[in-house]
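Below is one structure, written out as structure tokens, with a few remarks after it.
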Amino acid sequence: MSAIIEIDHLSKQYGSGTKALDDVSLTIEEGEIIALLGPNGAGKTTMISIICGLVVPTGGTVRVGGHDIRTDWRAARKMIGLVPQEIALEPFEKVINCVRFTRRLYGLPNDDAYIERILRALSLWDKRDAATRELSGGMKRRVLIAKALSHNPKVLFLDEPTAGVDVALRREMWEVVDDLRREGVTIILTTHYLEEAEEMADRVGVIAKGQLLLVRPTAELMGEFGRKTLTIELDAPLDGIPADMADANLTLSDDGRKLAFDYDTKAERTGIARLLGELAARDITVRDVSTRQSSLEEVFISLVNESENAA
Amino acid sequence: MNMINWHGVWSIFHHEMMRFFRTIWQSLASPVVSTVLYFVVFGAAIGGRIQSVEGVPYGAFIVPGLMMLTVLQQAVSNASFGIYFPKFSGTIYEYLVSPVGWVEVTLGFVGAAATKAILIALVILLTSFAFVGVHILHPFWMIAFLLLSAVGFSLLGFIIGLWAKSFEQLQIVPMMVIMPLVFLGGAFYSASMLPPFWGAVAKLNPVLYLISGFRWAFFGLADVPVGASLVAVGLMVIVCMAIIRWIFATGWRLRE
Chain E
1 MSAIIEIDHL SKQYGSGTKA LDDVSLTIEE GEIIALLGPN GAGKTTMISI ICGLVVPTGG
61 TVRVGGHDIR TDWRAARKMI GLVPQEIALE PFEKVINCVR FTRRLYGLPN DDAYIERILR
121 ALSLWDKRDA ATRELSGGMK RRVLIAKALS HNPKVLFLDE PTAGVDVALR REMWEVVDDL
181 RREGVTIILT THYLEEAEEM ADRVGVIAKG QLLLVRPTAE LMGEFGRKTL TIELDAPLDG
241 IPADMADANL TLSDDGRKLA FDYDTKAERT GIARLLGELA ARDITVRDVS TRQSSLEEVF
301 ISLVNESENA A
Chain P
312 MNMINWHGVW SIFHHEMMRF FRTIWQSLAS PVVSTVLYFV VFGAAIGGRI QSVEGVPYGA
372 FIVPGLMMLT VLQQAVSNAS FGIYFPKFSG TIYEYLVSPV GWVEVTLGFV GAAATKAILI
432 ALVILLTSFA FVGVHILHPF WMIAFLLLSA VGFSLLGFII GLWAKSFEQL QIVPMMVIMP
492 LVFLGGAFYS ASMLPPFWGA VAKLNPVLYL ISGFRWAFFG LADVPVGASL VAVGLMVIVC
552 MAIIRWIFAT GWRLRE
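Heads up: the sequence lines are chains E and P, in that order.
Each residue of the first sequence is one higher than the one before, counting from 1 in our numbering.
Each residue of the second sequence is one higher than the one before, counting from 312 in our numbering.
Right under this line is the structure:
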């Protein structure tokens, strides 16, 4: 794989003095899906907006497919498709005309066969002659995706793509993204639904206060920062945690039938074997055990807190 | 060297023209009804008292002014609404992230606004034939002044649309500035009919130069030299384009 986006010491400071981005550098490989996570105002949308041409940076450079976004902006923008956070469509325009319009805006002649393929893939073909104002919120978001794909971009930016859509449609969107991944489209997405990043992204970037705190492969990040919880189901309920096990980092459920034990997957010794041994020594019979890995949300909150404490 | 993205220009132009054709009857009915009213009020009522102006029957004399009034109003309102609506609906992002620059966006929106204004002006000219006999002395110059005025005021409307932050702001400049300038620019009279002081003041009004040049193309009568009219409209086009270029280069009211 080769780099398709090269961000080098990118900064954005507004006239008011607010630093929206502070010396961010990042390389994105062709064909990968990267999720940018961060609280509101972290700088995610500013970063996307700079790459797409909506915001002018105050420092640094960005190259898309080797084309500088400022000096060779036409070539750079031809490679990019953007699905904005807000649903913005011409209310009286037909769906198919919206998509045709965007394709021509990118300097390409009309290609109804290609547009039909996109609309069918997004389950919009039956609505092609409907005015966009007649569509549901989810369909409007799919129209935005169809528009962003109308010129066959190499890079697709999805700014909060499933914000406000129901669970079924969110799954549908994930499938669309998965199809695009198979076609080799590089995808950069920002999201508040952290399971979305966990589900789809090859890598996760965490942004806070305009700084890129880290970028790691999703699985590695989960492994490195992820804590696990061991749930021990007991044969008989306990009145309380045995006094001599008070320091064992255990939590007893209200009905006394479940013990929860938090442990660090990175630690050399997790303490699971010793805990089970101590329970057996006290004739506490274990019926079942299960583990749950902490979500990316918990990982994310932990990272942002660490960064704030360090500042 | 960046080449012009003609598909992009066509996309914007076509999109704007389709909006016009979707409401073609409303687009045409309103100016035609207004023209008929102007002919009734100015042509029949006032024309009964003013037989002719410098040898031209009053009814025919007001035709170029009426056409110019409509061109200016339509050019400003179409161009300002054309660019303001994407700002209002949020679809402006498309123009800013796609490979189109200020030249393509301006050509698309201003080209469409000027085309609509010219089409309506020609319908008014046809309507006027039903009321008065109009002979066009210099058809080439008539078309040239029509085109230049439509483009000039479409550019002005485009700037208004870029500047406006609300529908109220969008309305206020055409109502408070354009309309008075047209009425005071000799749409319904010759500047030579004014007392010397007001005649001199009228020459500060740029619209007077457009109407004068346009009327000269019809009847060979002008309040100011034709060359001055051409320079005025040419200057207007150049200044407006420079302002638009600056707006796109700085992102003022666009990328804020």
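We put the beta carbon where it would ideally sit given N, CA and C, even for glycine.
Opening and closing residue of the beta strand (DSSP E) in which E/A20 lies:
For E/A20, the uninterrupted beta strand (DSSP E) run begins and ends at 19-29, by DSSP.
Just how far apart, CA to CA, sit P/E327 and P/G393?
Computed Cα separation, rounded: 7 Å.
Check E/H353 in the structure and name its three-state DSSP category.
Residue 353 of chain E cannot be examined here, being either before or after the span of chain E that is shown, 1 to 311.
Identify each residue in the segment 31-60 of chain E for which the Cβ-Cβ distance to at least one residue of chain P is less than 8 Å, and report them in chain order.
Those would be C52, G53, L54, V55, V56, in chain order.
E/H192 (DSSP reduced to helix, strand or coil)
Three-state result, E/H192: coil.
Count the other CB atoms within 10 Å of the CB of P/S322; is the residue buried (16 or more) or exposed (fewer)?
Buried, by the Cβ-count rule.
Does the beta-carbon distance from E/I115 to E/I96 come in below 8 Å?
It is a contact, given that the beta carbons lie within the stated cut-off.
Looking only at its own chain, which residues have a Cβ that is under 8 Å from the Cβ of P/L436, when we skip the five neighbours before and after it?
V374, M378, V445.
Using 10 angstroms around the beta-carbon of E/F101, count the other beta-carbons present and answer buried if the total reaches 16, otherwise exposed.
With 16 or more other Cβ atoms within 10 Å, it is buried.
By Cβ distance, which residues of its chain are closer than 6 Å to P/G524, with the 5 residues on each side in sequence left out?
Answer for P/G524: F456, V537, S540, listed in chain order.
Reference E/S123, options E/G277, E/I51, E/E175, closest by Cα:
For the residues E/G277, E/I51, E/E175, the minimum Cα distance to E/S123 belongs to E/E175.
Can you give me the start and stop residues for the beta strand (DSSP E) that E/I3 sits inside?
Reading the sequence as shown, one finds Ala at residue 3 of chain E and not Ile. Its beta strand (DSSP E) spans residues 3-13.
From E/L234, E/I188, E/R287, residue whose alpha carbon lies closest to that of E/F157
Of the listed residues, the one whose Cα sits closest to E/F157 is E/I188.
P/S341 burial status per 10 Å Cβ neighbour count (16 or more: buried):
Exposed is the call here.
Flag P/T426 as yes if its beta-carbon sits less than 8 Å from any beta-carbon of chain E, otherwise no.
So no, P/T426 is outside the interface.
List, in chain order, every chain P residue whose beta-carbon is nearer than 9 Å to that of E/T102.
For E/T102, the C-beta contacts it makes with chain P under 9 Å involve S322, E405, S409, in order along the chain.
Of all the options P/R556, P/M547, P/A533, P/A560, which has the alpha carbon lying nearest to the alpha carbon of P/E365?
It is P/A533.
Quickly, what does DSSP pair P/S363 with across the bridge? List them, please.
For P/S363, which the question treats as bridged, DSSP gives the partners P/P368.
Check whether the Cβ atoms of P/L650 and P/F372 sit closer than 8 Å, and answer yes or no.
For residue 650 of chain P there is no data in the structure shown, the boundaries of chain P being 312 and 567.
P/A592 and P/A513 closer than 8 Å at C-beta
Residue 592 of chain P is absent from the model: chain P starts at 312 and stops at 567.
Please decide whether E/R142 counts as near chain P, where near means a Cβ-Cβ distance under 8 Å.
With 8 Å as the cut-off, E/R142 does not count as an interface residue toward chain P.
Under the DSSP definition of a beta bridge, which residues are partnered with E/A35?
Answer is E/L189, E/V204.
Count the C-beta pairs between the segment 52-59 of chain E and the segment 11-30 of chain E that are closer than 8 Å, then say yes if the count reaches three, no if not.
Touching, yes, given that three or more Cβ pairs across the two stretches are closer than 8 Å.
Using three-state DSSP, classify P/M312 as helix, strand or coil.
Any reading at P/M312 is ruled out, since the residue's pLDDT is 44, under 50, leaving its predicted position unreliable.
Chain P contact for E/R287 (CB, 8 Å cutoff)
Not one chain P Cβ lies under 8 Å of E/R287.
Under the rule that 16 or more other beta-carbon atoms within 10 Å means buried, what is P/G376, buried or exposed?
Of the residues assessed, P/G376 falls on the buried side of the cut-off, its CB having 16 or more other CB atoms within 10 angstroms.
Please report whether the beta-carbon of E/S16 lies at a distance below 8 Å from any beta-carbon of chain P.
Taking 8 Å as the CB threshold, E/S16 stays off the interface with chain P.
Assigned exposure category for P/A425 - 16 Cβ within 10 Å defines buried
Around the C-beta of P/A425, 16 or more other C-beta atoms lie within 10 Å, and the residue is accordingly described as buried.
E/L275 classed as buried or exposed, judged by whether at least 16 other C-beta atoms fall within 10 angstroms:
By the neighbour-count rule (16 or more Cβ atoms within 10 Å), E/L275 is buried.
Note down, in chain order, each residue of its chain lying with its Cβ closer than 8 Å to the Cβ of P/G401, except the 5 sequence neighbours on either side.
Taken in chain order, the list of residues that qualify is empty.
Run of the alpha helix (DSSP H) containing P/Q482, from where it starts to where it stops:
Counting along the chain, the unbroken alpha helix (DSSP H) around P/Q482 starts and ends at 478-484.
With a threshold of 6 Å on Cβ separation, who are the neighbours of P/L492 within its own chain once the five nearest residues in sequence on each side are excluded?
Within the same chain, P/L492 has close Cβ partners N516, V518.
Mind checking if E/G107 is an interface residue toward chain P, Cβ cutoff 8 Å exclusive?
The beta carbon of E/G107 falls within 8 Å of a beta carbon belonging to chain P, placing the residue at that interface.
Are there 16 or more other CB atoms within 10 angstroms of the CB of P/I483, so buried, or fewer, so exposed?
P/I483 should be labelled exposed.
Assign E/G60 to one of three DSSP states: helix, strand, or coil.
E/G60: strand per DSSP, three-state reduction.
Just to confirm before moving on: does the CB-CB distance between P/L521 and P/A543 stay below 8 Å?
Contact flag set, yes.
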